[in-house]
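See structure below.
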Amino acid sequence: MSSDAFVKPSAERALGSGTIALILLLCVSWGFNQIAVKLALPDIPPFLQATIRSAGALPVLLLIARLRGVKLFASDGTLAAGIFAGLMFGFEFVLIYRGLVLTSASRAVVFLYTAPFFVALGSYHFLGERLRTSQWLGLGLSFIGVAIAIGVPQANVDANVLIGDLMIVGGGALWAGTTLLVKASRLVAAPPEKALIYQVALSIPILGLAALISGETISRVPGALAVSVMVYQAVWVVGLTFLLWFVLVKSYSASKLSAFTFFTPLFGVVASYFILHDALTAAFGAAALLVIAGLYLVNRPVSGSTDALLTVTKT
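Taking this note's numbering as reference, the numbering of the sequence shown is continuous, increasing by one, and the terminal residue is 629.
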């Protein structure tokens with residue numbers, strides 16, 4: 315069966331108001347996840363955090379699959395694609411966490427959200443989705459809005475910082491690649507639990523090896539705060555929100571879904587303000603308007619198109 319047979323139904327589905335609300339909930343969760351990682355860092359190094367997160371999420375996903383009667387070991391032709399997706403998922407976080415050592419968090423979050431551009435390009439070349447000029451402009455406006463909100467560009471950028479930036483961009487590209495692979499392979503027809511379990515399970519040894527090579531250790535018993543945010547990351551973020559994301563990816567346009575992820579760093583800035591007491595700049599309001607304007611352009615309906623921004627549909 316060709317990849318077009320897998321993706322055509324999803325490309326024709328409009329983003330309903332309930333779907334958009336769910337995407338925004340995921341973005342809020344992912345925006346706070348960046349704060350959760352920072353809160354746990356004094357007790358748990360980054361690669362070990364990522365390893366523990368995947369190891370904690372795996373039983374959650376297995377339980378959900380069992381409750382829903384998903385046959386994880388049934389032969390359905392997804393093994394090769396699942397292994398490939400798992401490798402990309404694992405190395406995505408290796409690049410992101412290593413890049414964070416070399417570059418600043420503010421630069422990292424902007425370069426990570428180049429992912430929608432990779433999704434749009436991949437959707438054009440591999441999935442047959444066509445973006446209008448106004449939609450490309452919308453992606454550009456949203457990215458500019460994120461950059462303003464985070465406060466880039468920054469001065470005093472050396473070669474190490476640029477290498478870190480490239481690693482973060484690589485992580486964003488792998489994130490986009492995973493999204494595209496799910497839509498262009500037999501994984502799109504597999505239960506979302508199975509598609510995500512491939513990735514989470516394979517990421518555990520990859521991230522564990524990265525922690526070993528980096529010499530990371532936990533020198534003290536983690537405190538209650540570190541434990542609680544690790545539970546949040548494992549159970550809610552990976553175990554549930556990532557699963558919901560793959561349900562959406564299987565059902566809707568990859569490029570339009572990915573465009574909404576521009577909200578994630580904006581929510582992260584707000585979370586930083588309330589939890590870490592980071593300052594909010596006056597440019598934040600303008601940045602948010604740019605993001606919203608960009609998303610409108612990406613999702614603006616045209617004559618004869620079913621891709622309306624707030625068209626109510628049954629999902």
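Here a beta-carbon is modelled for each residue, glycine too, at the ideal position from N, C-alpha and C.
By Cβ distance below 6 Å, which residues in the same chain neighbour G400 in space, the five residues on each side in sequence not counted?
Y512, Q513 and L516
Would you say M544 and I366 are within 9 Å of each other, going by their C-beta atoms?
yes
Just to confirm before moving on: does the CB-CB distance between V374 and Q363 stay below 9 Å?
no
Answer with buried or exposed for N474, where buried requires no fewer than 16 other C-beta atoms within 10 angstroms of its C-beta.
exposed
State buried or exposed for R421, treating a residue as buried only when at least 16 other CB atoms are found within 10 Å of its CB.
buried
Burial state of T575, where buried means 16 or more other Cβ atoms lie within 10 Å
buried
Uninterrupted alpha helix (DSSP H) stretches inside the stretch 478-528 (no shorter than 4 residues)
506-528
Under the rule that 16 or more other beta-carbon atoms within 10 Å means buried, what is V415, buried or exposed?
exposed
Could you give the C-beta distance for K711 and P506, rounded to a whole number, given that I count them as a contact under 8 Å?
With the chain running from 315 to 629 in the structure shown, residue 711 is simply not present.
Can you tell me whether D472 is buried or exposed, with buried defined as 16 or more other CB within 10 angstroms of its CB?
exposed
Going straight from the alpha carbon of G459 to that of L453, what length do you get?
10 Å
Can you give me the Cβ contacts of G618 inside the same chain, cut-off strictly under 7 Å, excluding the 5 residues immediately before and after it?
Caution applies to G618, whose pLDDT of 47 falls short of 50 and renders its modelled position unreliable; the value that the coordinates give is listed next. Cβ within range, chain order: n/a, list empty.
Measure the alpha-carbon distance for K322 versus L386 and round it to whole angstroms.
Its pLDDT being 42, under 50, K322 is placed unreliably in this model, and the coordinates cannot settle the point.
Strictly under 9 Å for the Cβ-Cβ distance: is P506 near chain B by that measure?
Although the question refers to chain B, the structure presented lacks it and comprises just one protein chain.
Between the stretch 547-560 and the stretch 330-341, do three or more beta carbon pairs fall short of 8 Å?
yes
Short of 7 Å in beta carbon distance, which residues of its chain neighbour R500, apart from the five on each side in sequence? Order them along the chain.
D390, G391, T392 and A395
Am I right that S572 and A429 are in contact with their C-beta atoms under 8 Å? What's the rounded C-beta distance?
6 Å
Alpha carbon to alpha carbon, how far is S418 from D357?
20 Å
Which of helix, strand or coil DSSP assigns to T392
coil
Cβ-based burial, R412 [other Cβ within 10 Å; buried from 16]
buried
Measuring alpha carbon to alpha carbon, tell me which residue in H591, T595, L562 and L521 is nearest G332.
L562
Using only the alpha-carbon positions, how far apart do V551 and A490 sit?
18 Å
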